[in-house]
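Some notes on the structure that comes next.
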Ligand code: HEC
Ligand code: HEC
């Protein structure tokens, strides 16, 4: 009897310990959210105030992102990943589009840009009809949903060296980087999102997610300038299997890779013309790893 009591209490103790992390991820209460109503945001010389974003959020964002920002708005149930990713849970404070290193919070400008840009291949609309002030207020309101914005500062934006000139050598070198760090495992050797890992990919919440298809003319979610593409693979899309390669790719090589990615994309570009002229073949996943 006594033994089983001890066993039970050990079991309960273990259960309590294991459920701790779950408790901290559980729904935040209204009181908790209200404690952050003074949240501010700063973009350029504009200061945003969470409270001033509340009404716009209620009207335009809540249906998807939910009253408490947990991504469980009324229509969220109709979103069906991977083709229709679920609205983001802002309570987690995890964002895809950042100028800051993986694992860190985005800057206010990053959130502002994401809201203004919208997300291609998802239900997240483009919100460029709001005034600047309204968008900056919305940024503050989005931030108030997560305690991370009180306990942590945003990361320091990564340095992007000036863009070099596109040359045949660089496009070729970019192909080598694409092979070496194995972008093809998910994105496929031709960039068609059909690599060997593509069909098994899941986001951090266990939902299926598709790799980006470079060839079908859709827009990367976090911007489509050369700088944006550089930033995407050097900071990673947090919350997804798309990692940061900051530790594996040197800044100069990163530019080579951007140029190679351009050659895979459907839009005509200098890079694409060069690749065609060179008769550049897709990378060979079975080629022996290059010695360095
Ligand atoms: C029709 C549904 C819908 C509405 C309305 C909507 N969103 Fe979204 N939002 C989404 C989805 C879906 C995602 C996730 C997209 C993805 O991860 O690919 C998202 C993602 C985001 C992100 C994450 C950005 C990042 O870098 O990770 C922010 C911030 C955001 N929305 C803000 C807003 C704001 C502010 C509004 C209202 C002005 C709004 N959303 C309205 C569906 C919506
Ligand atoms: C483990 C799988 C995986 C690997 C390896 C990988 N990616 Fe991705 N990548 C993804 C997924 C998944 C997405 C889509 C994320 C989303 O839609 O939210 C993505 C998206 C992207 C995007 C578009 C982002 C956007 O904003 O829509 C670019 C650009 C990209 N990857 C480049 C690369 C490059 C370059 C490499 C190699 C240096 C690489 N990826 C390696 C899984 C991967």
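In the numbering used here, the protein residues as written are 248 to 539.
Here a beta-carbon is modelled for each residue, glycine too, at the ideal position from N, C-alpha and C.
Contact set for residue 399: own chain, Cβ-Cβ below 7 Å, skip 5 residues either direction: In the chain shown, counting from the first residue as 1, residue 399 sits at position 152. Cβ within range, chain order: 352.
beta-carbon residue 454 near ligand 2 non-hydrogen atom, thresh 8 Å: As a working mapping, residue 454 is identified with position 207 in the chain shown. Not under cutoff, so the answer is no.
Residue 370 and residue 308 closer than 9 Å at C-beta: Looking up residue 370 in the chain shown gives position 123. Looking up residue 308 in the chain shown gives position 61. No, the Cβ-Cβ distance between residue 370 and residue 308 is not below 9 Å.
C-alpha gap between residue 510 and residue 450, whole angstroms: By 1-based counting over the chain shown, the position of residue 510 is 263. By 1-based counting over the chain shown, the position of residue 450 is 203. Between residue 510 and residue 450, the C-alpha separation is close to 28 Å.
Beta-carbon spacing of residue 337, residue 383 below 9 Å: To locate residue 337, count along the chain shown from 1; it is residue 90. To locate residue 383, count along the chain shown from 1; it is residue 136. Their beta carbons are not under 9 Å apart, which means residue 337 does not touch residue 383 by this criterion.
Nearest residue (CA-CA) to residue 345, options 402, 385, 505, 464: For the purposes of this step, residue 345 is taken as residue 98 along the chain shown, with counting starting at 1. Among 402, 385, 505, 464, the Cα nearest to that of residue 345 belongs to 402.
Reference residue 302, options 291, 386, 275, 357, closest by Cα: Against the chain shown, residue 302 aligns to sequence position 55. Taking only the C-alpha atoms, the option nearest residue 302 is 386.
Test: residue 360 CB closer than 9 Å to a CB of chain D: In the structure shown, chain D does not exist; there is a single protein chain.
Check: residue 468 C-beta below 8 Å from any heavy atom of ligand 1: One-based indexing of the chain shown puts residue 468 at position 221. It does: the Cβ of residue 468 is within 8 Å (strictly closer) of some heavy atom of ligand 1.
Sequence-distant residues of its chain with Cβ nearer than 8 Å to residue 271 (five each side left out): As a first step, residue 271 is located in the chain shown; it is residue number 24 there, counting from the start. The pLDDT assigned to residue 271 is 48, lower than 50, so where the model puts this residue is not dependable; a value taken from the coordinates is nonetheless given after this. Cβ within range, chain order: n/a, list empty.
CB of residue 440 within 9 Å of CB of residue 489, strictly: If you number the chain shown from 1, residue 440 lands on position 193. If you number the chain shown from 1, residue 489 lands on position 242. Contact: no.
Three-state secondary structure (DSSP) of residue 271: The sequence position of residue 271 within the chain shown is 24, counting from 1. The predicted model places residue 271 with a pLDDT of 48, which falls under 50 and marks its position as unreliable; any figure quoted below should be read in that light. Helix at residue 271.
Nearest candidate by alpha-carbon position, reference residue 304, set 499, 377, 508: Looking up residue 304 in the chain shown gives position 57. Ranking the options by Cα distance to residue 304, first place goes to 377.
Bridge partners - residue 295, DSSP secondary structure assignment: Stepping through the chain shown from its first residue, residue 295 is reached at position 48. Residue 295 pairs with 288.
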